[in-house]
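To start, the structure under review is shown below, and the notes come after it.
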Amino acid sequence: MKPSLIALFTLFAFIASSAKAIVLDGHGEPVINGRTYYILPVTNVIGNGLTLVKTGNETCPLSVKPYPSVPIHLEDGLPWKISSPVRSRFLPTDVRTDFFTVDETKPSCVPFPSKWTIVEEEDGVKSVKVSGYYENTITGVFRIQKYATFTYKIVFCPTDGDSCGDIGLSSRGLVITDDVPLGFMFIYVELSEVSKQVINNVLEA
């Protein structure tokens, strides 16, 4: 093999080995950067999808939490737009990733656009809420990291910190935890599903 071809082959091998893995949805398909998905917590079973609830003194549902348990069947929760500024059609793991509310399905009192943020509460708990109301937010970015088969954990990396914190679950909702992280699965939302969410919001209003 000619030296130039050897160098080219070595370069391609380096690029392939250094490329980040792609996030896969619950069906094993690549997650598309900028599309809308249900986000389902996974422990030993798949749980209800993430929605917005009121916690503490909130008069508007701003806290991210799994949909309340419903007997017999699961609920998908709200759809979330998953987006990264990385120039890639498919969403890589371990890069800055934003989770946005979808305008047509969010509660009317929630600002738009709103995305996940971390708020440090009075007792020091760092909760996942949507942006737009709280001043005591922590600057940083979320990342999706591989956790198990088709299951991922979400971490928050503060700008002024040395390490990222795992997202777990408490009675308040999603929080940064020192305990076992929560696993998540992503399910693509069809346009018809978004329409169904709009109808449900109108009926529940």
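The opening residue of the sequence shown carries number 10 in the numbering used here; numbering runs sequentially from there.
We put the beta carbon where it would ideally sit given N, CA and C, even for glycine.
Bear in mind the structure is a predicted one, so any value in this text is a computation, not a measurement.
Checklist line | Buried or exposed by the 16-neighbour rule on C-beta atoms within 10 Å, applied to VAL32 | finding: Buried, because 16 or more other Cβ atoms sit within 10 Å of the Cβ of VAL32.
Next item on the list: Give every residue of the same chain whose Cβ lies closer than 7 Å to the Cβ of MET194, excluding the five residues on either side of it in the sequence, and list them in chain order.
Entry: Only GLY35, LEU49, VAL51, ILE55, PHE159, THR160 meet the Cβ criterion.
Margin query: Quick check on the burial criterion: 16 or more other C-beta atoms within 10 angstroms. Buried or exposed for GLU199?
Written below: Classification for GLU199: exposed.
Next item on the list: From the DSSP output, read off the bridge partner residues of TYR197.
Entry: Here TYR197 is bridged, per DSSP, to TYR46.
Next item on the list: Could you give the DSSP three-state label for PRO39: helix, strand or coil?
Entry: In the three-state reduction of the DSSP assignment, PRO39 falls in the strand class, which pools E and B.
Margin query: Quick check for students: name the residue ranges of the beta strand (DSSP E) that lie wholly in the stretch 42 to 130, counting only runs of 3 or more.
Written below: Given a length threshold of 3 residues, each whole run of the beta strand (DSSP E) inside the stretch 42 to 130 is given here in chain order: 45 to 51, 59 to 62, 72 to 75, 89 to 92, 105 to 110, 125 to 129.
Note to self: Considering only the alpha carbon of each residue, which of ASN42, VAL150, ILE176, ASN66 lies closest to ASP169?
What the structure shows: Check the Cα spacing between ASP169 and each of ASN42, VAL150, ILE176, ASN66: the tightest is with VAL150.
Notebook entry, point to check: Hey, GLU129 and ILE153 are a contact pair by Cβ (cut 8 Å); roughly how many whole angstroms apart?
Noted result: Not a contact, Cβ separation roughly 22 Å.
Checklist line | C-beta atoms of LYS74 and LEU191 nearer than 8 Å | finding: A distance of 8 Å or more separates the beta carbons of LYS74 and LEU191.
Next item on the list: Leaving aside the five residues before and after LYS115 along the sequence, list all residues of the same chain whose C-beta is less than 6 Å from its C-beta, in chain order.
Entry: The beta carbon of LYS115 lies closer than 6 Å to none in the same chain, with the five residues before and after it left out.
Item checked: Residues near SER140 by beta carbon distance below 6 Å, same chain, minus five either side -> Non-local beta-carbon contacts of SER140 in its own chain, meaning distances under 6 Å to residues more than five positions away in sequence, involve SER123, LYS124, THR126 in chain order.
Next item on the list: Check ALA157 in the structure and name its three-state DSSP category.
Entry: Collapsing the DSSP output to three states places ALA157 in a strand.
Checklist line | Where ARG152 falls: helix, strand or coil (DSSP) | finding: DSSP places ARG152 in strand when its eight states are reduced to three.
Notebook entry, point to check: Going straight from the alpha carbon of GLY177 to that of TYR47, what length do you get?
Noted result: Taken atom to atom, the span from the alpha-carbon of GLY177 to that of TYR47 is near 17 Å.
Checklist line | Own chain residues within Cβ distance below 7 Å of VAL104, not counting five before or after | finding: Only LYS29, SER93, VAL95, ARG152 meet the Cβ criterion.
Notebook entry, point to check: Whose CA, out of ASN42, LYS90, PRO77, lies closest to the CA of SER180?
Noted result: Considering only alpha carbons, the answer is PRO77.
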